[in-house]
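Structure record follows, encoded as structure tokens.
There are 2 protein chains.
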Amino acid sequence: MDNGARKHRVVIIGGGFGGLAAIQKLKGADVDITIVDRRNHHLFQPLLYQVATTALSPSEIAWPIRMLLKHRPEVTTLLGSVTGIDAANRVVELEDGGRLPYDSLIIATGARHAYFGHDDWEPFAPGLKTLEDATAMRRRLLLAFEAAERETDSERRRALLTFAIIGAGATGVELAGAIVELARTTLRNEFRTIQPEEARVVLIEAGPRVLANFRESLSAYAKSALEKLGVEVMLGTPVTGVTAEAVQFEASELRAGTIIWAAGVLASPAAKWLGVEADRAGRIKVEPDLTVPGHPEIFAIGDTVTVLGPNGKPVPGIGDAAKQGGKYAAAVIRARLEGRSIGPFRYRHLGDIATVGRSAALIDFGWLQLTGWIGWWTWGLAHIYFLIGLKNRISVAISWLWIYLTGHRSARLITWGEAGSGRTGGGRAQE
Amino acid sequence: MDNGARKHRVVIIGGGFGGLAAIQKLKGADVDITIVDRRNHHLFQPLLYQVATTALSPSEIAWPIRMLLKHRPEVTTLLGSVTGIDAANRVVELEDGGRLPYDSLIIATGARHAYFGHDDWEPFAPGLKTLEDATAMRRRLLLAFEAAERETDSERRRALLTFAIIGAGATGVELAGAIVELARTTLRNEFRTIQPEEARVVLIEAGPRVLANFRESLSAYAKSALEKLGVEVMLGTPVTGVTAEAVQFEASELRAGTIIWAAGVLASPAAKWLGVEADRAGRIKVEPDLTVPGHPEIFAIGDTVTVLGPNGKPVPGIGDAAKQGGKYAAAVIRARLEGRSIGPFRYRHLGDIATVGRSAALIDFGWLQLTGWIGWWTWGLAHIYFLIGLKNRISVAISWLWIYLTGHRSARLITWGEAGSGRTGGGRAQE
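Protein chains in written order, with the numbering used here: chain P, 584 to 1014; chain X, 584 to 1014.
This is the structure:
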């Protein structure tokens, strides 16, 4: 590097698993890094369902991005919302007019839940991607029991105590298990007119099995574990409509006071920013080196892209794939700066993992499958290991131990948007 | 009690310190109890400022009311918003049309912050009474630093890093100390263009001293502890206006990006529900036995009433006074059921307590004053003791220990109302 010459500028959009992994891998490289995210926090999404079901509080699974990067003086963290990319001039454009010039860009902007042409379902069947989604879902779940306690009509009460989850991927399965346990263990004996343990939890899946990305024997195990726990599993049942009161199927409907969407995701609008080709879920079709076609200086990684793995199948939309993508993009940037070149991205699938309530989990390492108790403990320890920082590890371990020993979930708060309008309990305290 | 005759019905409005103390004292009495609150949780208000300043998370200082009462089968907990009291027919009216008949009623509805004729100040100078107030204040504080990091104009940047707190009672003093520590310790080294430790924290008080309810020597100690910490204390400075950008005084103004209201409270609308006389702050003037004039079956306690203590001075609006009031009302109800009578309410002032940052606190037991380190440890242990349940005690103790050892505050999240509109970061995740 010449004296006075400016350093290679790397801009990273998104502080999720992929963006942070890229920064980690760029440590020591002769670059200036700017990371921009519209949230101030990195979120450990695999445990978001536990916030939605009152087991953990938001701060146990989220960390300020700038705190995580404080010891990296070459990294600048910005809170800002990206509205476009001027690829010709190599500038990221922010909502407030800010412009971030780059030499290399890493797009790690993830995905959000999506309704694929049925956006009108969203108000009745909210999804789960952000902390606000989780606290809103927590409020809906808890309010359903509160409303049922006050309801005198037995049919309406039964509907209020019916929880329908659409989509039996990992999120749907984990939510279903957690809601059953919330009702049967945590809320037991707390109501006077209802029996929370009579709540119906119905998991609805269009396809032929739950956890379709797992091998069939594990899908079957998960289904039976769910049913043993008390979840009603409906397979091969496409949803044709969602209203405020029911999930509709071709020839019937299920009346449910709480409906949750766990069925689909849509990539961030990065493909639109760049004007490049995307698949049906909005994902950019990147080159084998994770760059955007025609833009070797722009990498896109994680849930916002689609790329084939070594087995010829698409790389799955999981956190570990985003991490591997981030590390790979960083390695390419380093190699280029050093005049080296490296081969294409090779995704290595480490395994699939999901949990069903607090006594069964499924782990498939390919060479080893774990289920039941041993699966559950492995799942728990792995998740605590992957959390950032000793404080949060201790905190989550205590929260889980507490649930395990007493059934009490410690984050059973009904809170509202601060604007504070809305139904019972809105806004400022009267009491 | 005759066979088949119904039990004496006690309705309690409000699940704060007073309402819960009444229920505790009614344990074993031959009564049916219904408690109604518009929130699902009891809140430990003395630590709310620690949620607003990122040290604790909401679930560490709040508990579901029905969980606290699950082992009391004679107690029914309802989530509901009271809109009126039909005293002639002895019925509490709820917003959703529900009606709760009572034989004895305890009104424990507390107070909220108030602007006394200046409601237009509220959007610019929010107060702190609910968990939502606290997470909104947390967001404002953190966003001020984020905006300052992006601001290029030095004067505007200085204004963004100025935090004005109006009112130097316990809440104002504690917020001021905590904001200074957030800026100087927790955020240190995390920004690239600003130095968070240059933040100005200005505590503004119309009266002649801080913590006016403490003895003068302790007020002087608190002022000097605040100044040592780096807080600018402005005494004898009435506020004449609050705008989006500044606090205005008679002849000058202070430009501040963040303005916080800690100056006044207004009682709940209970006096209006009953059509009885109230003082300027909306508090019901109750009889010496805490009953509402003309209604011996209606008790009102805590922050929503005004009553004289044995020393001829008004009973202060603190949690312990509400607890004593709740216990007294319960004792009167028990005595009446047993055909006994007891004397008037005698408030016993146990002491005043406040903290200034993490190395000084003030405790005045009357016969003993503690300050400095010993005051701080006594303050900390007392607050942990008063939390409910082992889990939250452990959790808060670890959070404090962590701040003490590392300076890291664990709940530094910028979250939004779930409606999710608004500025940077609103709503659904893009990243």
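Glycine is no exception: its CB is placed at the ideal position from the N, C-alpha and C atoms.
Name the chain P residues that come within less than 9 Å of X/His991, Cβ to Cβ?
By one-based count along the second sequence, residue 991 of chain X stands at place 408. Those within 9 Å of X/His991 in chain P are Met650, Gly972 and Lys974.
Within 8 Å of any Cβ in chain P, is that where the Cβ of X/Leu994 sits?
Here residue 994 of chain X corresponds to residue number 411 of the second sequence, with the count starting at 1. In the sequence on display, residue 994 of chain X carries Ala and not Leu. Judged by the 8 Å Cβ criterion, X/Ala994 is in contact with chain P.
Quick check: P/Leu603 and P/Ile881, are their CB atoms within less than 8 Å of each other?
Here residue 603 of chain P is taken as the residue at index 20 of the first sequence, counted from 1. Here residue 881 of chain P is taken as the residue at index 298 of the first sequence, counted from 1. Not a contact, by the Cβ cut-off of 8 Å.
Hey, P/Leu724 and P/Leu765: beta-carbon distance below 8 Å or not?
In the first sequence, residue 724 of chain P corresponds to position 141, counting from 1. In the first sequence, residue 765 of chain P corresponds to position 182, counting from 1. Going by C-beta atoms, P/Leu724 is nearer than 8 Å to P/Leu765.
My assumption, with CB atoms under 8 Å, is that P/Pro899 sits in contact with P/Asn772. Please give the rounded CB distance.
Reading the first sequence from its first residue, position 316 is the one you call residue 899 of chain P. Reading the first sequence from its first residue, position 189 is the one you call residue 772 of chain P. Not a contact, Cβ separation roughly 42 Å.
Using 8 Å as the Cβ pair cut-off and three pairs as the minimum, do the segment 937-949 of chain X and the segment 805-819 of chain X touch?
yes
Check whether the Cβ of P/Lys653 lies closer than 8 Å to any Cβ atom in chain X.
For this step, residue 653 of chain P is matched to residue 70 along the first sequence. Yes - at least one Cβ of chain X is within 8 Å of the one on P/Lys653.
Give the DSSP-derived three-state secondary structure of P/His966 in the structure shown.
What you label residue 966 of chain P is simply residue 383 of the first sequence in a count that begins at 1. Of the three classes helix, strand and coil, the one that applies to P/His966 here is helix, per DSSP.
Quick test of the definition: if touching needs 3 or more C-beta pairs under 8 Å, does the segment 593-611 of chain X touch the segment 630-643 of chain X?
no
Whole angstroms are fine: how far does the CA of P/Ala805 sit from the CA of P/Val793?
Along the first sequence, one-based indexing puts residue 793 of chain P at 210. Along the first sequence, one-based indexing puts residue 805 of chain P at 222. Approximately 7 Å between the Cα atoms of the pair.
Count the other C-beta atoms from every protein chain shown that fall within 10 angstroms of the C-beta of X/Ala588, then say buried if there are 16 or more, exposed otherwise.
The residue given as residue 588 of chain X occupies position 5 in the second sequence. When all chains shown are included, X/Ala588 counts as exposed.
Measuring only the C-alpha atoms, how far is X/Asp669 from X/Pro852?
Counting from 1 along the second sequence, the entry for residue 669 of chain X is found at position 86. Counting from 1 along the second sequence, the entry for residue 852 of chain X is found at position 269. Spanning the two alpha carbons is a distance of roughly 14 Å.
Give the single residue among P/Val869, P/Gly680, P/Pro821 and P/Glu781 whose Cα lies nearest to the Cα of P/Gly813.
Residue 813 of chain P sits at position 230 when you count from the first residue of the first sequence. For P/Gly813, the nearest C-alpha among the options comes from P/Glu781.
Where does the unbroken beta strand (DSSP E) through P/Val634 begin, and where does it stop?
On the first sequence, residue 634 of chain P is found 51 positions in, with the first residue counted as 1. First-last for P/Val634: Leu631 to Ala635, but that is the alpha helix (DSSP H), not the beta strand (DSSP E).
Is it right to say X/Gly750 is buried, meaning 16 or more other beta carbons lie within 10 angstroms of its own, or is it exposed?
As a position in the second sequence, residue 750 of chain X is number 167, starting the count at 1. It is buried - the Cβ of X/Gly750 has at least 16 other Cβ atoms within 10 Å.
Environment of P/Asn623 [buried if 16+ CB atoms lie within 10 Å]:
As a working note, residue 623 of chain P is residue 40 in the first sequence. Counting Cβ neighbours within 10 Å, P/Asn623 comes out buried, since at least 16 surround it.
Residues, ordered as in the chain, of the segment 763-779 of chain P that lie near chain X by beta-carbon distance below 9 Å:
Thr769, Leu770, Arg771, Asn772, Glu773, Phe774, Arg775 and Thr776
Kindly list, in the order they appear in chain P, the residues whose Cβ is closer than 7 Å to that of X/Pro647.
For the purposes of this step, residue 647 of chain X is taken as the residue at position 64 of the second sequence. Result: Arg995.
Which of the three DSSP states, helix, strand or coil, is assigned to X/Glu732?
Residue numbering aside, residue 732 of chain X sits at position 149 when the second sequence is read from its first letter. Here X/Glu732 sits in helix by DSSP.
Identify which residue in P/Asp620, P/Leu626, P/Ala980 and P/Pro684 has its Cα closest to the Cα of P/Glu715.
Looking up residue 715 of chain P in the first sequence gives position 132. The candidate whose alpha carbon is nearest that of P/Glu715 is P/Leu626.
Entirely enclosed beta strand (DSSP E) segments - the segment 920-977 of chain X, minimum 3 residues:
935-939 and 943-947
Closer than 8 Å to chain X by CB, P/Ser687:
As a working mapping, residue 687 of chain P is identified with position 104 in the first sequence. Chain X contact via Cβ: absent.
Are any of the Cβ atoms in chain P nearer than 8 Å to that of X/His966?
Stepping through the second sequence from its first residue, residue 966 of chain X is reached at position 383. No, X/His966 does not count as interfacial toward chain P.
What residues in its chain sit with their C-beta under 6 Å from that of P/Leu727, if we drop five residues either side in the sequence?
To locate residue 727 of chain P, count along the first sequence from 1; it is residue 144. Rather than Leu, the amino acid found at residue 727 of chain P in this sequence is Ala. Result list for P/Ala727: Leu743, Gly840 and Thr841, in chain order.
Separation of P/Gly663 from P/Gly599, as counted between CA atoms:
Position 16 of the first sequence, counting from 1, holds the residue named residue 599 of chain P. Position 80 of the first sequence, counting from 1, holds the residue named residue 663 of chain P. Between P/Gly599 and P/Gly663, the C-alpha separation is close to 15 Å.
I'd like to know if P/Leu724 contacts chain X, where contact means its C-beta is closer than 8 Å to some C-beta of that chain.
Working through the first sequence from its first residue, we reach residue 724 of chain P at position 141. Not one chain X Cβ lies under 8 Å of P/Leu724.
Residues in the same chain with beta-carbon distance under 7 Å from P/Asp872, minus the five sequence neighbours each way, listed in chain order, please.
The residue you call residue 872 of chain P lines up with position 289 of the first sequence. Around P/Asp872: Val915, Pro927 and Phe928.
Between the segment 603-625 of chain X and chain P, which residues of the former have a C-beta closer than 8 Å to a C-beta of the latter?
Asp620, Arg621, Arg622, Asn623 and His624
When the Cα atoms are used, what is the spatial distance from X/Ala905 to X/Ala850?
In the second sequence, residue 905 of chain X corresponds to position 322, counting from 1. In the second sequence, residue 850 of chain X corresponds to position 267, counting from 1. Cα to Cα, X/Ala905 sits roughly 13 Å from X/Ala850.
X/Ile986 burial status per 10 Å Cβ neighbour count (16 or more: buried)
As a first step, residue 986 of chain X must be located in the second sequence, where it is residue number 403. It is buried - the Cβ of X/Ile986 has at least 16 other Cβ atoms within 10 Å.
Going by the beta-carbon positions, is the gap between X/Leu758 and X/Ile843 smaller than 8 Å?
What you label residue 758 of chain X is simply residue 175 of the second sequence in a count that begins at 1. What you label residue 843 of chain X is simply residue 260 of the second sequence in a count that begins at 1. Yes. Within cutoff.
In whole angstroms, give me the CA-to-CA distance for X/Gly885 and X/Gly693.
Here residue 885 of chain X is taken as the residue at index 302 of the second sequence, counted from 1. Here residue 693 of chain X is taken as the residue at index 110 of the second sequence, counted from 1. For X/Gly885 and X/Gly693, the distance between alpha carbons rounds to 6 Å.
DSSP state of P/Gln607, grouped into three classes?
Looking up residue 607 of chain P in the first sequence gives position 24. Three-state result, P/Gln607: helix.
Contact set for X/Ala980: own chain, Cβ-Cβ below 6 Å, skip 5 residues either direction:
In the second sequence, the residue the question calls residue 980 of chain X occupies position 397. Here the set comprises Ile967.
Taking C-alpha atoms, which residue in P/Thr989, P/Leu630 and P/Asp620 lies nearest to P/Arg976?
As a working mapping, residue 976 of chain P is identified with position 393 in the first sequence. Checking every option, the nearest Cα to that of P/Arg976 belongs to P/Leu630.
Span of the alpha helix (DSSP H) around X/Thr754
Counting from one through the second sequence, the residue named residue 754 of chain X turns up at place 171. Segment Ala753 to Glu764, the alpha helix (DSSP H) holding X/Thr754.
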